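Okay, so here's the structure we're looking at.
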Amino acid sequence: MNRYKREGVATVDALHKGNGETKWTLKEKLLLGLTTQQYIIQALRNPFNWILAVIFAIGLPLIAGRFLFGLSWVTHSSNDYPWGLFLAFGLFGMVPLSSSSFQLGTAVEIFGRHDMEPIERLGLLNGLLGYFFAVCFLLVDLGQPWRLPYPMVVAWGPAAVLFLVAWHVATYLSVQVAEVSVAFFEWIGFPMGKRGVRKITLGLTVAGIILSTLHQGALGALFTYAPGKVHPLWYSASFQWLHFFVSSIPGGLCMVIVVSTIARKTMAWRCDERFKKNLDKLTIALAKGASMGLATYLTIKLIGVAHDNKWEHLATGWGAWYAVEMVGGVILPLILFAYAIRNNKVGLIRFCAVLTVVGVVLNRLNTAMIAFNWKMAEREIPHWREVIICITLYAIYIAVYRFILARMPIIYGWKAVEETVPAVEPATGNVPTQGPVPAAVGSYRSSVDEAISPTGYISVKE
Amino acid sequence: MKRRDFLKACMLCGAATTLGVPRKGWGAGSFEGYPEGMGVLVDLTRCVGCRSCEAACNKEQQLPAPDMPFDDQSVFEEKRRPTEKAYTVVNRYETKQEGGPVYRKIQCNHCNEPACLTSCFVNAYTKTKEGAVIYNPKICVGCRNCMIACPFNVPGYSYSSAFNPVVKKCIFCYDTRLKNGRPPACVEICPQEVLTFGHRQDLLKIGHERIRETPDKYVDHIYGEKEVGGTGWLYLSGVPFDQVGFDTTLGNEPIISNVKEFLGTVPMVLAIWPALFTGFHLLASRKDHGEQGHDHEKKEEGKQ
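From first to last, the protein sequence lines stand for chains A and B. Sequential numbering from 13 applies to the first sequence in the numbering used here. Sequential numbering from 1248 applies to the second sequence in the numbering used here.
Below, the structure written as structure tokens:
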């Protein structure tokens, strides 16, 4: 695609083609503005597509097999480890990395950090897809996935934490669909929908915070049902939900750093100037948030150990493994983040973001699988089919992610003068009445972030 | 171990006087089981490991034929747990005690406040007034949270079924026997009178009676009297319970007590967060009435 762009092929970034007369058709939009032949050629030229093809060729039949032959065909069907890799990695690992949605939503919509807008939509999309695929992992794992709506309509168990998780994930998914739909409406050319969603943005964002707090925490609280089974170092009756919630904050922010880095590298053609220009500064801003999250997380983890006086466990083999997780996934990134932010070393920040993401996922794997049943002699090693299905689902996640990023205005601005909407808001008339606002926002910005150039989005808006 | 000693002391002092008196001073909402709830007292000192209870259970619950016949003693080579094919299993434990190995029957303990029940998000489990914890396979989604939650690792799952996998566990022969006041199949068949069926309250009395009459024979503790809020099945043992596969670290609080702390924060978050964050928003920015603040502010900011 980068090659086509160099050759001067127009990419879809507005409702109308370059001449301003004809609209892009849906087919052209789907094919990224290329001809069918060009599209197929570029798809075949991309080695990553071949990797995906191999994964799908092996994995998709296995997924079909899971539904035809049952869970025992793809897992060890262990009664002692009822939750295997599907949930440990797919649900417990992916959900914390999806907290970016509520965080960037909050920063922009609640705290008015509009300088973060170039990356807001990426954060929202990252959240939506993370949740959606966490549910996909869940569907593969559930014994009778077709009964997934039962806790909503057939039988209620409102005292159960999982009941909360089910309801919150379901509502939150709808909230996120609404949030991301703005980009979709722009792309499809449906300004009414966009305006409708814009009106309820604040409500959606606040709903997002509530639902995220509760179910990120609830995923942790699920393990308080198994006080004797989770190793004490990963378990805390009082703080388990806080540990999960707080670690999701750096997890989500760092996931956005990781994804934006990958998108910037592999989809440079799709990033607009605003995104490219601001990315480094925004990465530093996200890293600041992430390091605050990490510092808090480290503190409450230590409080968790101190509260139940579990220091003696640190001297055991489990303690060493715990130290690996904490040093590699929390303390090391924390120190490196501090150094990198101070010296504007964006590359190092990106490396730390990867560390943090791995650290958060490792924590979930530890809690749900590795340190689960720690009193038992045998550890569960996932079945090879289980591993391949996980890789396949993750590959589908990446493919969908890329599909959307390449099309909808997530990492580029939609250069649209929408027909039914007045092209320019009557901004000038309101400037005097809005007096205090720009001052407040401006000072906030300049004090926190060294003046991100605003020219990027002005040009987009006009 | 301190806790055990403390428990022992408590029971020595108070067993005779406090029996039958409802415990006071426990937090509100703790459930002690239905007064008419039934249970089984298992006396480990009497069990000879004949496995006839396993056979009876298999027949009563119409479970698939076992891999090895029920008179085969080689199954004792390894420690087994209940599965979807066997709701009860007997394990053998070699102990330092003279008098040979100790056998222990494992099945659902039918807790007063079952962890499986409280963890289920579709309420597939029911604690009946007869004391059985039963399960409704028609609404189970298959999340297996009950298996995570069960402190005794009892529920099994029929993973091999592709289209109707369900949880499989001992239901106290509720449908066929308990409902009609009859003891479960395993109790009826036991040739050694290891298993005593009766009202839980009475069984506790019998258990303490046996301990008092022959204190040398028994550890002074009825496992299940208080563990995780009390269980319908109660155990007497001649050797310390942790030597015969019992988890003695579970504590006396029902599992749900661990979770209540989080459940309590939920309504608070729901109530406080909307005002808190809308407030933050109002503090961080100020909207003109009815104005589309978002796009507007952005422009303003851009002009700075």
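Cβ coordinates follow ideal geometry from the N, Cα and C atoms, glycine included. Quick caveat, the model's predicted, so the values are computed rather than measured.
- DSSP places Leu-109 of chain A in the uninterrupted alpha helix (DSSP H) bounded by 106-109.
- The Cβ of Ile-1458 of chain B sits no closer than 8 Å to any Cβ of chain A.
- By the 16-neighbour rule on beta-carbons within 10 angstroms, Phe-60 of chain A is exposed.
- A direct Cα-Cα distance of roughly 21 Å separates Asp-92 of chain A from Pro-157 of chain A.
- Taking CB atoms only, Arg-1351 of chain B has no neighbour in chain A less than 8 Å away.
- Residues of the stretch 152-170 of chain A with a C-beta less than 7 Å from any C-beta of chain B: Leu-154, Gly-155, Gln-156, Arg-159, Leu-160, Tyr-162, Pro-163, Val-166, Ala-167, Trp-168 and Gly-169, listed in chain order.
- Judged by DSSP in its simplified three-state form, Phe-1368 of chain B adopts coil rather than helix or strand.
- In this structure, Trp-199 of chain A sits away from Gly-232 of chain A, with a CB-CB distance that is not shorter than 8 Å.
- Contact annotation: Met-1315 of chain B and Gly-1445 of chain B have beta-carbon atoms that are not nearer than 8 Å.
- Contact check between the stretch 1413-1422 of chain B and the stretch 1294-1302 of chain B: fewer than three CB pairs, one atom from each, fall below 8 Å, which does not count as touching.
- With a threshold of 16 other beta carbon atoms within 10 Å, Asn-1359 of chain B meets it and is buried.
- Considered as a whole, the stretch 311-352 of chain A harbours 329-338 as its complete alpha helix (DSSP H) runs of no fewer than 4 residues, in chain order.
- The way I'd put it, the stretch 229-244 of chain A doesn't touch the stretch 265-272 of chain A; fewer than three beta-carbon pairs between them come closer than 8 Å.
- Closest by C-alpha distance to Lys-1464 of chain B, out of B:Thr-1292, B:Lys-1507 and B:Thr-1335, is B:Thr-1292.
- Within the stretch 240-288 of chain A, the complete alpha helix (DSSP H) segments at least 4 residues long are 252-278, listed from N- to C-terminus.
- Under the 8 Å criterion on CB atoms, Phe-98 of chain A is classed as non-interfacial with respect to chain B.
- With fewer than 16 other CB atoms across the displayed protein chains lying within 10 angstroms of its CB, Lys-1385 of chain B is exposed.
- Judged by beta-carbon spacing, Thr-225 of chain A lies within the 8 Å limit of Trp-1520 of chain B, meaning their Cβ atoms are closer than that value.
- Under the three-state reduction of DSSP output, Asp-1290 of chain B falls in the strand class.
- In the same chain as Gln-1439 of chain B, and ignoring 5 residues on each side of it, the C-beta atoms closer than 8 Å to its own belong to Arg-1293, Cys-1294, Val-1295 and Cys-1297, in chain order.
- Contact between Glu-1500 of chain B and Ser-250 of chain A fails: their C-beta atoms lie close to 13 Å from each other, not under 8 Å.
- Between Pro-1462 of chain B and chain A, the shortest Cβ-Cβ separation is not below 8 Å.
- Taking 8 Å as the upper bound on Cβ-Cβ separation, chain B lies near residues Ala-249, Ser-250, Gln-252 and Trp-253 of the stretch 244-267 of chain A.
- Contact holds between the stretch 132-151 of chain A and the stretch 414-423 of chain A, because three or more Cβ pairs, one in each stretch, are under 8 Å apart.
- Along the stretch 1504-1528 of chain B, the positions whose C-beta sits under 8 Å from a C-beta of chain A are Asn-1505, Val-1506, Glu-1508, Phe-1509, Leu-1510, Thr-1512, Val-1513, Val-1516, Leu-1517, Trp-1520, Pro-1521, Phe-1524, Thr-1525, Phe-1527 and His-1528, read in chain order.
- Burial check for Gly-220 of chain A: the Cβ neighbour count within 10 Å reaches 16 or more, so the residue is buried.
- Secondary structure in the stretch 1449-1475 of chain B: no alpha helix (DSSP H) run of 4 residues or longer lies completely within the stretch.
- According to the DSSP assignment, Leu-174 of chain A belongs to the alpha helix (DSSP H) that extends over 173-200.
- Comparing alpha carbon positions, the residue from B:Val-1289, B:Val-1414 and B:Gln-1448 closest to Cys-1437 of chain B is B:Val-1289.
- The shortest CA-to-CA distance from Ala-146 of chain A to any of A:Ala-171, A:Phe-101, A:Glu-132 and A:Ser-113 is the one to A:Phe-101.
- The beta-carbon separation of Gly-1485 of chain B and Asn-1356 of chain B, rounded to 20 Å, does not stay under the 8 Å limit for a contact.
- The C-beta of Lys-1352 of chain B has 16 or more other C-beta atoms within 10 Å across all chains shown, which makes the residue buried.
- Residues of the stretch 1391-1407 of chain B that bring their beta carbon within less than 8 Å of a beta carbon in chain A comprise Arg-1391, Asn-1392, Met-1394, Ile-1395, Ala-1396, Pro-1398, Asn-1400, Pro-1402, Gly-1403, Tyr-1404, Tyr-1406 and Ser-1407, in sequence order.
- Excluding five sequence positions before and after Gly-263 of chain A, the CB atoms of its chain that fall closer than 6 Å to its own CB belong to Pro-108, Leu-109 and Val-372, given in chain order.
- Of all alpha-carbon atoms in A:Ala-352, A:Leu-150, A:Lys-387 and A:Asp-320, the one lying nearest the alpha-carbon of Leu-405 of chain A is that of A:Leu-150.
- Contact annotation for Ser-1321 of chain B against chain A: no contact, minimum CB-CB distance about 20 Å [criterion: below 9 Å].
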